[in-house]
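The structure appears below as structure tokens.
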Amino acid sequence: MKHANIAVFVPHNGCPNQCSFCNQRTISGTAKQPTPDDVAAACETAMRGGCDGAYVQLAFFGGSFTAIDRAYMLSLLEAAQPYIKSGFLNGGIRISTRPDFIDEEVLTLLKKCGVRAIELGAQSMDDNVLALNKRGHTAADVESASKLIKAHGFELGLQMMTGLYSCDENESFMTAERFIELKPDTVRIYPTVVLPGTLLAELYLSGEYKVHTLDQTVEICSVLLEMFGKAGINVIRLGLHDQQDVREGYLAGGYHPALRELCEGEIYYRKIRSALEGKPQGRYDITVSPQEISKAVGQKKKNIDRLAQCGYICKVHGDERLERFEIRVKKCF
Ligand code: SF4
Numbered sequence: 008m009k010h011a012n013i014a015v016f017v018p019h020n021g022c023p024n025q026c027s028f029c030n031q032r033t034i035s036g037t038a039k040q041p042t043p044d045d046v047a048a049a050c051e052t053a054m055r056g057g058c059d060g061a062y063v064q065l066a067f068f069g070g071s072f073t074a075i076d077r078a079y080m081l082s083l084l085e086a087a088q089p090y091i092k093s094g095f096l097n098g099g100i101r102i103s104t105r106p107d108f109i110d111e112e113v114l115t116l117l118k119k120c121g122v123r124a125i126e127l128g129a130q131s132m133d134d135n136v137l138a139l140n141k142r143g144h145t146a147a148d149v150e151s152a153s154k155l156i157k158a159h160g161f162e163l164g165l166q167m168m169t170g171l172y173s174c175d176e177n178e179s180f181m182t183a184e185r186f187i188e189l190k191p192d193t194v195r196i197y198p199t200v201v202l203p204g205t206l207l208a209e210l211y212l213s214g215e216y217k218v219h220t221l222d223q224t225v226e227i228c229s230v231l232l233e234m235f236g237k238a239g240i241n242v243i244r245l246g247l248h249d250q251q252d253v254r255e256g257y258l259a260g261g262y263h264p265a266l267r268e269l270c271e272g273e274i275y276y277r278k279i280r281s282a283l284e285g286k287p288q289g290r291y292d293i294t295v296s297p298q299e300i301s302k303a304v305g306q307k308k309k310n311i312d313r314l315a316q317c318g319y320i321c322k323v324h325g326d327e328r329l330e331r332f333e334i335r336v337k338k339c340f
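Following this line, the structure appears as structure tokens:
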């Protein structure tokens with residue numbers, strides 16, 4: 008079934024926290040707070056656009072939905088009610104929020120208002136990393152909020168960051184393992200991007216913080232994709248959305264408009280390399296699913312070039328019978 012997301016960004020103006028990476032105006036592209044009329048207008052526009060037969064969900068993003076003023080939060084949810092009752096929003100509402108702003112009371116409210124999916128900005132499951140990056144919550148908050156969300160019958164989404172201040176790849180893998188234990192329905196992975204006006208920018212410019220490069224980010228995130236894939240957990244986003252102000256204004260970090268494609272290419276490289284392990288150098292035919300050929304080849308033929316440097320001259324072909332990430336390797340004579 009086709010999915011249609013109606014996204015409404017809800018900034019947390021006046022947020023008392025100072026997360027090391029946050030410059031919400033840069034991330035969102037706008038600090039304007041939507042009104043209930045804006046919510047209704049977004050639904051009307053989507054209706055006119057034609058979502059026949061689709062699974063339509065209204066998504067309130069911004070990361071602090073249950074931490075904003077309660078009356079304002081309810082007014083936004085209220086604006087969506089006619090579209091839930093008419094059946095247009097057949098996927099209900101999706102929100103993202105902080106783990107320390109989840110309790111029985113707010114979950115009961117959200118349930119009544121048609122919220123079906125709750126995403127938590129966990130970012131890390133290491134308390135030291137959370138404290139140094141001034142998140143203002145602990146890993147235990149993530150665990151208890153996740154369990155409560157699932158106990159109330161919501162779909163659970165968890166969001167993590169890689170490459171925060173004082174992080175290494177082991178922290179990312181540990182966070183992914185702890186996420187997998189919590190059995191979320193979806194995960195989003197956001198590699199850290201240093202934005203001007205943030206604490207990370209100060210630490211980066213003073214030389215105290217070395218953010219992961221794009222290559223390091225691809226290395227780590229490709230492993231994370233495999234970990235979640237093996238656990239049957241859907242990674243619904245990898246990397247910040249491509250926005251002109253981020254693209255042109257960020258100082259450093261693992262940013263690329265096609266980051267997922269790069270990470271999936273890295274998975275193919277590892278798979279091909281491991282299939283060739285111990286085989287004599289020479290020419291090889293690599294077969295993958297036809298839709299995956301460009302990833303197996305790698306961006307700017309990166310994988311083909313790396314394999315050639317190891318003495319393997321490879322040509323990639325497509326075969327409909329192969330699944331995603333399935334490969335066949337055959338020596339050419
Ligand atoms: S990321 Fe942190 S500082 Fe930024 S709005 Fe969310 S809670 Fe506030």
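Going by this note's numbering, the first residue of the sequence shown is number 8, and it counts up by one from there. Quick reminder that beta carbons are idealized off the backbone N, C-alpha and C, glycines included. Given the structure is predicted, the values throughout are model-derived calculations rather than measurements.
Cβ-heavy atom distance, residue i to ligand 1, below 7 Å
i              : result
asparagine 97  : no
asparagine 140 : no
serine 71      : yes
asparagine 24  : yes
histidine 144  : no
histidine 19   : yes
arginine 244   : no
arginine 290   : no
arginine 105   : yes
cysteine 29    : yes
Nearest residue (CA-CA) to residue i, options the options
i                 : options                        : result
methionine 8      : Ala14, Cys29, Cys58, Lys39     : Cys58
asparagine 341    : Thr145, Pro41, Gly128, Ser93   : One cannot answer for residue 341 here, as it falls past the ends of the chain, which runs 8 to 340.
leucine 231       : Arg331, Pro198, Ala282, Leu283 : Pro198
arginine 185      : Ser131, Val201, Lys157         : Ser131
alanine 341       : Gly239, Tyr172, Thr73          : Residue 341 lies beyond the range of the chain shown here (8 to 340); nothing can be said about it.
serine 93         : Ile274, Met54, Glu333          : Met54
phenylalanine 108 : Phe72, Lys39, Arg195           : Phe72
isoleucine 156    : Ile300, Lys118, Asn24          : Lys118
phenylalanine 28  : Lys307, Tyr211, Leu83, Asp175  : Tyr211
aspartate 292     : Ile311, Asp76, Lys237, Ala61   : Ile311
leucine 202       : Glu178, Gly261, Met167, Lys154 : Gly261
valine 149        : Ile320, His159, Leu127, Ala282 : Leu127
alanine 124       : Asp133, Thr169, Ile91, Thr193  : Thr193
phenylalanine 16  : Leu65, Cys26, Glu112, Gln25    : Leu65
histidine 248     : Phe340, Val200, Arg77          : Val200
asparagine 20     : Gly60, Cys26, Thr52, Ile75     : Ile75
Between the CA atoms of residue j and residue i - distance to the nearest angstrom
i              : j              : result
lysine 302     : glutamate 233  : 15 Å
methionine 80  : histidine 10   : 25 Å
glutamate 209  : valine 218     : 12 Å
arginine 254   : isoleucine 100 : 30 Å
alanine 129    : glutamate 215  : 24 Å
glutamine 40   : glutamate 271  : 36 Å
glycine 98     : aspartate 45   : 19 Å
asparagine 12  : leucine 84     : 16 Å
serine 103     : threonine 294  : 40 Å
tyrosine 257   : isoleucine 320 : 38 Å
serine 153     : glycine 318    : 48 Å
lysine 286     : isoleucine 227 : 27 Å
lysine 141     : threonine 205  : 12 Å
aspartate 326  : glycine 160    : 41 Å
arginine 328   : proline 297    : 9 Å
glycine 170    : proline 89     : 42 Å
threonine 182  : leucine 189    : 11 Å
glutamine 352  : histidine 263  : Here the chain covers residues 8 to 340 and nothing more, so residue 352 does not appear.
isoleucine 300 : valine 323     : 7 Å
DSSP-derived helix/strand/coil call for residue i
i                 : result
cysteine 337      : Before going on, a small fix: residue 337 reads as lysine here, not cysteine. Of the three classes helix, strand and coil, the one that applies to lysine 337 here is strand, per DSSP.
serine 35         : Residue confidence for serine 35 is low, a pLDDT of 47 falling below 50, so the modelled location carries little weight; the figure read from the coordinates is stated next. In the structure shown, serine 35 sits in a helix (DSSP, three-state: H, G or I).
lysine 9          : coil
proline 287       : coil
methionine 132    : coil
asparagine 30     : coil
glutamate 162     : strand
threonine 294     : strand
leucine 247       : coil
leucine 127       : strand
tyrosine 1        : Within the shown structure, residues of the chain are numbered from 8 to 340, placing residue 1 beyond reach of any answer.
phenylalanine 332 : coil
isoleucine 156    : helix
valine 4          : Nothing can be reported for residue 4, as the shown portion of the chain is limited to 8 through 340.
alanine 303       : helix
alanine 238       : coil
valine 218        : coil
lysine 190        : coil
tyrosine 319      : strand
alanine 259       : strand
glycine 325       : strand
threonine 182     : helix
threonine 145     : coil
threonine 169     : strand
Exercise. Hey, which unbroken runs of the beta strand (DSSP E) at 3 residues or more fall wholly within the region 40-121?
Worked result: 62-68, 100-104
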